[in-house]
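A quick write-up on the structure given underneath.
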Amino acid sequence: MALELSELGAFLVLANHLHFGQAAAALHVSQPALTKQMQRLETKVAGPLLVRGYRRVTLTPAGEILRDRAQSLLREAEIAEQMTRLAVSGKAGLLRIGFGIASLAAGLPGILTRFRQHFPEVQVTMRDMSTPDQIEALERGDIDVGFVRLPVERTELVTVPVLEETLVAAVPRGMSYRKGLFGLRNEPFVVISRSDSASFFDHLVQTCRAAGFSPRIVQEVNELFTVLNLVRAGIGVSLVPRSASLMRVPDVRLLDTKLPEAKWRIGVAWRKVDQSDPLVRNFVSIARRPGKTTPIL
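Take 44 as the starting number for the sequence shown in our numbering and just add one per residue.
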């Protein structure tokens, strides 16, 4: 027969007082009731746990082992109850988040910081994914929320705009920009690889076409920081998120394209079936609150 937590709790009180009368008073039960409870406990373990004296009680070696283990078990049970209550209210558990390069630069770190401040018991895992991959992962249930380029035309998903960004021209210091983005039509471009972010790559190309040319791409890399440093080295020019200024790469100028096509919105997305999930609901609530952008360096 399994030991009950109430029995272990009563045993610990008795083990602390080593007196049936005092322990019964502390438990607000009668002494005969406590005696019967200890007898049932000894029956379950098939041996004596207590040595009953005239005025006091001592523990047998088995009783001492149970006392030590019971303390840990009751503490674990208490923690389990606390964490379960937190999980029910969306204040604990595991939250799986998908994100892309643009959302990381546009303000996702700030959202995560605020969420951690409000819900420190929630474990967060992050996956760097393109918007199409995030949509598929949401539909499969592989992630709980994602930060995607809007619009998203999926009836089974809910999206809410939370971030805005725009592409700006990144050029080495000293390069002329009098003609705007069109003036860079003959320059080589260094860009984030399409395999790393198809939506970002396509947006860069579309913005250049809106300016009247197709970019001559000479180098694709995996990191925005690498793009900026290659621009600094004179390898080429690029279009990067405006928030790349937070990286503070020297000798690189970030300049407005003045093109409406350079702008885009980023939304948090989740499954309709998860609308009642308190963990998702709490995260979306934090994501929708305006806050300061957290530097990514």
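For each residue, glycine too, the CB sits at the ideal point set by N, CA and C.
Item: Neighbour-count burial assignment, Ala276, 16 or more Cβ in a 10 Å radius; Value: exposed
Item: For Lys87, the first and last residue of its enclosing alpha helix (DSSP H); Value: 74-88
Item: Cβ contact (3+ pairs, closer than 8 Å) linking the region 134-146 and the region 74-81; Value: no
Item: Anticipated Cβ contact below 8 Å, His62 with Val100, distance rounded; Value: 6 Å
Item: Burial state of Asp176, where buried means 16 or more other Cβ atoms lie within 10 Å; Value: buried
Item: Any 3 or more C-beta pairs closer than 8 Å across the region 167-181 and the region 268-286; Value: no
Item: Cβ contact (3+ pairs, closer than 8 Å) linking the region 220-237 and the region 248-259; Value: yes
Item: Boundaries of the beta strand (DSSP E) in which Ser281 is found, first to last residue; Value: 281-284
Item: Check whether Ser286 and Asp239 have beta carbons under 9 Å apart; Value: no
Item: Uninterrupted beta strand (DSSP E) stretches inside the region 164-195 (no shorter than 3 residues); Value: 165-171, 188-192
Item: According to DSSP, residues forming a beta bridge with Gln262; Value: Val233
Item: Rounded separation between Val195 and Arg221 - CA only; Value: 36 Å
Item: Terminal residues of the beta strand (DSSP E) in which Phe142 lies; Value: 136-142
Item: Option nearest Glu47 by Cα separation, candidates Ala66, His60, Lys87, Gln65; Value: Lys87
Item: DSSP three-state assignment for Gly310, whether helix, strand or coil; Value: strand
Item: Cβ-based burial, Asp111 [other Cβ within 10 Å; buried from 16]; Value: exposed
Item: Three-way DSSP call (helix, strand, coil) for Thr336 in this model; Value: For Thr336, the predicted model reports a pLDDT of 41, less than 50, meaning its position is unreliable; a value from the coordinates is still stated below. Residue state, collapsed to three classes: coil.
Item: Contacts around Thr250, its chain only, beta-carbon distance under 8 Å, and the 5 residues preceding and following it disregarded; Value: Leu210, Leu224, Leu282, Thr300, Leu302, Glu304, Ala305
Item: Simplified DSSP state of Glu124, which is helix, strand or coil; Value: helix
Item: Nearest-angstrom Cα separation, counted from His60 out to Ala69; Value: 9 Å
Item: Per-residue burial, Gly153 [other beta carbons within 10 Å of its own, 16 or more giving buried]; Value: buried
Item: Beta-carbon proximity of Glu199 to Arg324, cut-off 9 Å; Value: no
Item: Coil, strand or helix - Val292 by DSSP; Value: coil
Item: Unbroken beta strand (DSSP E) run spanning Leu200, endpoints; Value: 200-215
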